[in-house]
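Have a look at the structure below, then the notes.
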Amino acid sequence: MKLKKAKDWKILGKSQKRVELKEKVTGGRIFGIDVQLPDMLYGTVKMAPRKGVSIKSYDKTEALAIPGVKDVVEIKTIAGEGLGIIATNTWAAFKGAEALEVEWDDPLSLQNTDQMWSALENALTQEATFELGGTGSDAEVFTSIPESEAVSVQYRVPFLAHATMEPMNATAQHDGGTIRVWTGTQAPGLIQSVVSSHFGMDSADIDVTTTRLGGGFGRRLEVDFALYAAVIAEATAPHPVKVTWTREEDTQHDTYRPMAIGEFKGQVTPDGTLKTMDMHVASPSIIQSVMPRIFPGISPAGPDNTVLDGAFNQPLDVENIRCQAHVADLQVPLGFWRSVGNSINGFFHESFMDEAAHKAGKDPLEFRLAI
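Count along the sequence shown from 1, add 947, and you get the number used in our numbering.
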């Protein structure tokens, strides 16, 4: 194939217009939260405080007394359980949600952060769930590091919410044999699959229009916000309904980056060489949390690499390396948070490398380049 001469280029080397720029700078209605349809109703959700918690009882009398509130409906899905508030405007729906009196049935055993840290600490004392990567073959080297050459540290990171600029929202409409959904999503095919499964419909009868999204970072890989809107729309049919979450609801019902503990121990020889590196990470599994919500019929295959990503797969030439995962279920829904395991273990790993460089008395960059 003969390459085209530069003088004949039509695109390369020439400024191109951004086709979406005008809508962006003029505030054109291009995001899910901006969708407007004829005869549309508005709604919000009040979901159970935690995944796995169900409704014990509720009284909607006070909510229905709010001007503009038309109805309160139950939401029971694979993604979660709660109530949907239907109104003539979003503010009325928000106020109706505040007025709802709900009693929840909470059977979960881990109720607070201290209990969850304790669960991770206990997991570190147990045999590893799995191990990835590694060099060397003699496990004894990890338990026989001379005290004078040892670097031993522990790091902790908390749960993190995606906290997208645009809160979760979706507009849905039941139109005869079709369900239509308008939303900002990273996974329209998953919405189609989960909504069709919930209603026992063919996936071809679920029409998803993907708008721009005001931040995703993995949060909009989930389907809960679209599924809840579809459930509420069943009650508003044939009218479409735009369901917008409050910021509080959005934050409390995120699918979080997991909290985790990293225990790292290494051996730095008198000449400043990192000879041994032993890494143990205690964390819940993202994959084990995500799969039942989105792919309930599929079992995860093999270990969840995300628990150790950013620790076991670093380009180091160290004589002895071990990287072990200690998985603990903390009963909190987890999701893919930008860079996933690397955002946790990259911090653990590189912080340890700085500690080891300090022990060796070397510049951190030079120490890394020598490994």
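Cβ coordinates follow ideal geometry from the N, Cα and C atoms, glycine included.
How many Å lie between residue i and residue j at the Cα?
{"i": "residue 1124", "j": "residue 1145", "result": "14 Å"}
{"i": "residue 1259", "j": "residue 1143", "result": "39 Å"}
{"i": "residue 1282", "j": "residue 1255", "result": "15 Å"}
{"i": "residue 1240", "j": "residue 1037", "result": "28 Å"}
{"i": "residue 988", "j": "residue 1188", "result": "5 Å"}
{"i": "residue 1010", "j": "residue 1003", "result": "18 Å"}
{"i": "residue 1149", "j": "residue 1139", "result": "9 Å"}
{"i": "residue 1111", "j": "residue 1092", "result": "45 Å"}
{"i": "residue 1094", "j": "residue 1213", "result": "10 Å"}
{"i": "residue 967", "j": "residue 978", "result": "12 Å"}
{"i": "residue 972", "j": "residue 953", "result": "34 Å"}
{"i": "residue 1087", "j": "residue 1221", "result": "17 Å"}
{"i": "residue 1065", "j": "residue 1199", "result": "22 Å"}
{"i": "residue 969", "j": "residue 963", "result": "14 Å"}
{"i": "residue 956", "j": "residue 950", "result": "10 Å"}
{"i": "residue 1216", "j": "residue 1306", "result": "9 Å"}
{"i": "residue 1022", "j": "residue 984", "result": "23 Å"}
{"i": "residue 1316", "j": "residue 1231", "result": "33 Å"}
{"i": "residue 965", "j": "residue 1008", "result": "51 Å"}
{"i": "residue 1249", "j": "residue 1237", "result": "15 Å"}
{"i": "residue 1018", "j": "residue 1183", "result": "9 Å"}
{"i": "residue 960", "j": "residue 948", "result": "21 Å"}
{"i": "residue 1312", "j": "residue 1059", "result": "40 Å"}
Short check: CB of residue i to CB of residue j, under 8 Å?
{"i": "residue 1051", "j": "residue 1097", "result": "no"}
{"i": "residue 1299", "j": "residue 1211", "result": "yes"}
{"i": "residue 1013", "j": "residue 1191", "result": "no"}
{"i": "residue 1251", "j": "residue 1235", "result": "yes"}
{"i": "residue 1308", "j": "residue 1253", "result": "no"}
{"i": "residue 1024", "j": "residue 1137", "result": "no"}
{"i": "residue 1275", "j": "residue 1070", "result": "yes"}
{"i": "residue 1131", "j": "residue 1160", "result": "yes"}
{"i": "residue 1126", "j": "residue 1085", "result": "no"}
{"i": "residue 1304", "j": "residue 1295", "result": "no"}
{"i": "residue 1100", "j": "residue 1302", "result": "yes"}
{"i": "residue 1201", "j": "residue 1109", "result": "yes"}
{"i": "residue 1044", "j": "residue 1015", "result": "no"}
{"i": "residue 1273", "j": "residue 1133", "result": "no"}
Assuming residue i and residue j are in contact, meaning their beta carbons sit under 8 Å apart, how far apart are those beta carbons, in whole angstroms?
{"i": "residue 1089", "j": "residue 1223", "result": "7 Å"}
{"i": "residue 1257", "j": "residue 1293", "result": "4 Å"}
{"i": "residue 1185", "j": "residue 1227", "result": "Wrong, their Cβ atoms sit about 57 Å apart, outside the cutoff."}
{"i": "residue 1277", "j": "residue 1047", "result": "Not really, about 28 Å apart at Cβ, beyond 8 Å."}
{"i": "residue 1104", "j": "residue 1233", "result": "Wrong, their Cβ atoms sit about 14 Å apart, outside the cutoff."}
{"i": "residue 1061", "j": "residue 997", "result": "Going by Cβ atoms, the distance from residue 1061 to residue 997 rounds to 16 Å, so no, they are not a contact pair."}
{"i": "residue 1129", "j": "residue 1020", "result": "So it is not a contact: roughly 20 Å between Cβ atoms."}
{"i": "residue 1209", "j": "residue 1102", "result": "4 Å"}
{"i": "residue 1265", "j": "residue 1318", "result": "6 Å"}
{"i": "residue 1055", "j": "residue 999", "result": "5 Å"}
{"i": "residue 1269", "j": "residue 1310", "result": "Not confirmed; about 27 Å, so no contact."}
{"i": "residue 1083", "j": "residue 1267", "result": "4 Å"}
Could you check what DSSP says for residue i in three-state terms: helix, strand or coil?
{"i": "residue 1259", "result": "coil"}
{"i": "residue 969", "result": "helix"}
{"i": "residue 1283", "result": "coil"}
{"i": "residue 1072", "result": "coil"}
{"i": "residue 1299", "result": "helix"}
{"i": "residue 1271", "result": "strand"}
{"i": "residue 1169", "result": "coil"}
{"i": "residue 1314", "result": "helix"}
{"i": "residue 994", "result": "strand"}
{"i": "residue 982", "result": "coil"}
{"i": "residue 964", "result": "coil"}
{"i": "residue 1157", "result": "strand"}
{"i": "residue 1213", "result": "strand"}
{"i": "residue 955", "result": "helix"}
{"i": "residue 1066", "result": "helix"}
{"i": "residue 1101", "result": "strand"}
{"i": "residue 1002", "result": "strand"}
{"i": "residue 1223", "result": "strand"}
Any heavy atom of the ligand NAD within a distance shorter than 7 Å of the CB on residue i?
{"i": "residue 1125", "result": "In the structure on display, the ligand NAD does not appear, and there are no ligands present to speak of."}
For chain D, is any of its Cβ atoms less than 8 Å away from the one on residue i?
{"i": "residue 1307", "result": "The displayed structure is made up of one protein chain only, and chain D is not part of it."}
ask   = Just checking, does the stretch 1111-1123 make contact with the stretch 1164-1174 on the three C-beta pairs under 8 Å criterion?
value = Flag = yes, the stretch 1111-1123 and the stretch 1164-1174 touch.
query = On the three-pair Cβ rule with 8 Å, is the stretch 1148-1164 touching the stretch 1195-1209?
reply = With the cut-off at 8 Å, the stretch 1148-1164 and the stretch 1195-1209 do not touch.
inquiry  = Taking 8 Å as the cut-off, does the stretch 1032-1051 touch the stretch 1179-1193 (at least 3 CB pairs, one atom from each stretch)?
reply    = Taking a cut-off of 8 Å on C-beta distances, the stretch 1179-1193 touches the stretch 1032-1051, as three or more cross pairs fall below it.
ask   = Counting Cβ pairs, one atom from each stretch, are 3 or more of them under 8 Å apart for the stretch 1012-1029 and the stretch 1075-1083?
value = Note that the stretch 1012-1029 does not touch the stretch 1075-1083; fewer than 3 beta-carbon pairs, one per stretch, sit closer than 8 Å.
message = Can you confirm whether the stretch 1188-1195 touches the stretch 1227-1247 when touching is taken to mean that 3 or more C-beta pairs between the two stretches lie within less than 8 Å?
response = At 8 Å Cβ cutoff, the stretches do not touch.
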